[in-house]
Amino acid sequence: MVYLEYFIYLRVAVVWTGRNLPSYLGPTPTQLVFLFIFLIVNSLTLFALAILLARNIWCLGGNVTTIEGWEIERHQTLVRRARVLGGYLDGPDGMRIKIRKQEFPYDIGILQNMRQGMGGTPLLWLWPFTATPSIESGLDFETNGFEDPSMSWPPPDPDRMPRLSNRPPYEQPFVYDEDLSTTQNNVDAFRRRQEEDLKRYDGGATTSIRRRPFHERYRNGGHDEASFASQAVGSDDLAGGEEVWRDSEGDRLDDFGVDEDAEFHDEDDIPLAELLRRRHEPAHYSDGN
1 MVYLEYFIYL RVAVVWTGRN LPSYLGPTPT QLVFLFIFLI VNSLTLFALA ILLARNIWCL
61 GGNVTTIEGW EIERHQTLVR RARVLGGYLD GPDGMRIKIR KQEFPYDIGI LQNMRQGMGG
121 TPLLWLWPFT ATPSIESGLD FETNGFEDPS MSWPPPDPDR MPRLSNRPPY EQPFVYDEDL
181 STTQNNVDAF RRRQEEDLKR YDGGATTSIR RRPFHERYRN GGHDEASFAS QAVGSDDLAG
241 GEEVWRDSEG DRLDDFGVDE DAEFHDEDDI PLAELLRRRH EPAHYSDGN
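Here it is in structure tokens:
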């Protein structure tokens, strides 16, 4: 692209130098149109590739990916908030989470970072047929030792922690195709209505409940999380919730194809029996109707 831009520049310079000469001594209108199109397309493409190259070199020098850069920005935001509120932030269900500044553990120096990403021989970095690093090299990464090895990355984020379930445990197992009396059917229908009420309260498995933005909660008392319902927003107000995180350029995870609701509701801590019950519940109700 640079080589092509050089030759286009030479031809544009000739046309500009002879701009005061008669038209029959210069290029034809068709040639001028194509020269202008080549100049615009090649210049814009070269500019975009230059920005991409600078971005990749910066990421190699810092040993960070785009997602890790977002994690660093998010952690810095949490540290600034915690500094205002005495070092603690409020998590779900009124939990108090201590926030301390953590350094990115995989930045081991500019030269070492580039060797880790491009290989140990700088002379082969620009050779397209160089062998790629082995698969085993992607399983273990060197750290800079600034933080204790027991500290995890990314650091804990109170806005991404799942809320504890408010549902009481089931006392009786589920029995398939049991012959129930009319009284028992009424009791089961009442319990189903209770479960639907609990779903409307704690969001269930399909509704996103997000806290109000940080500046609103801080203006209303800072760390007071006594009433979660008064500080929650429904799934229709996704742009206003604090969990709708944006990077320094104002982009959301949803802009890059990431399901924010799936990331927000972490089901790792939910028992397997509860997950199976939630999966079979819609089919069970549809068969009954």
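Taking UniProt numbering, the leading residue of the sequence shown gets 1, the next gets one more, and so forth. Quick reminder that beta carbons are idealized off the backbone N, C-alpha and C, glycines included.
Look at tyrosine 106 here: in three-state DSSP terms it is coil, with no helix or strand label. In the structure shown, arginine 277 falls within a helical segment according to DSSP collapsed to helix, strand and coil. Between the C-alpha atoms of tryptophan 127 and proline 133 there is a straight-line separation of about 14 angstroms. Checking the DSSP bridge columns, you'll see aspartate 90 partnered with Arg96. Contact check for isoleucine 8 against phenylalanine 47 fails: the beta carbons are separated by 8 angstroms or more. Between the beta-carbon of glycine 62 and that of aspartate 107 there is about 6 angstroms, and that keeps the pair under the 8 angstroms contact cut. Under the three-pair Cβ rule at 8 angstroms, the region 95 to 103 counts as touching the region 144 to 159. From the listed residues Ala13, Gln116, Trp125 and Glu73, the smallest Cα separation to isoleucine 135 is found for Gln116. In terms of Cβ geometry, leucine 35 and arginine 11 form a close pair [threshold 8 angstroms].
The beta carbon of proline 154 is closer than 6 angstroms to those of Glu71 in its chain, skipping five residues each way along the sequence. Under the criterion of beta carbons closer than 8 angstroms, valine 15 and proline 27 qualify as touching, at roughly 7 angstroms. In the three-state reduction of the DSSP assignment, proline 156 falls in the coil class.
A direct Cα-to-Cα measurement between threonine 65 and methionine 114 gives close to 13 angstroms.
Note that the C-beta distance between proline 105 and threonine 143 is below 8 angstroms. Distances from the alpha-carbon of tyrosine 6 to those of Ser43, Tyr24, Ser152 and Arg19 put Ser43 closest.
Put simply, the backbone Cα of isoleucine 110 is about 8 angstroms away from that of leucine 60. Annotated as proximal: glutamate 103 and phenylalanine 146, with beta-carbon spacing under 8 angstroms. The beta carbon of glycine 18 lies closer than 8 angstroms to those of Leu25 and Gly26 in the same chain, with the five residues before and after it left out.
With a beta-carbon spacing of about 5 angstroms, valine 79 and lysine 101 fall inside the 8 angstroms limit used to define contacts. Counting every other CB atom within 10 Å of its CB across the protein chains shown gives aspartate 93 a total below 16, marking it as exposed.
The DSSP-derived three-state label of asparagine 186 is helix.
Scanning its chain for C-beta atoms nearer than 7 angstroms, with the 5 sequence neighbours on each side dropped, one finds no residue around threonine 121. The Cβ atoms of leucine 53 and methionine 1 lie no closer than 8 angstroms to each other. Relative to the Cα of aspartate 251, the nearest Cα in the group Ile57, Ser23 and Ile67 belongs to Ile67. The C-alpha of arginine 277 is placed about 34 angstroms away from the C-alpha of leucine 89.
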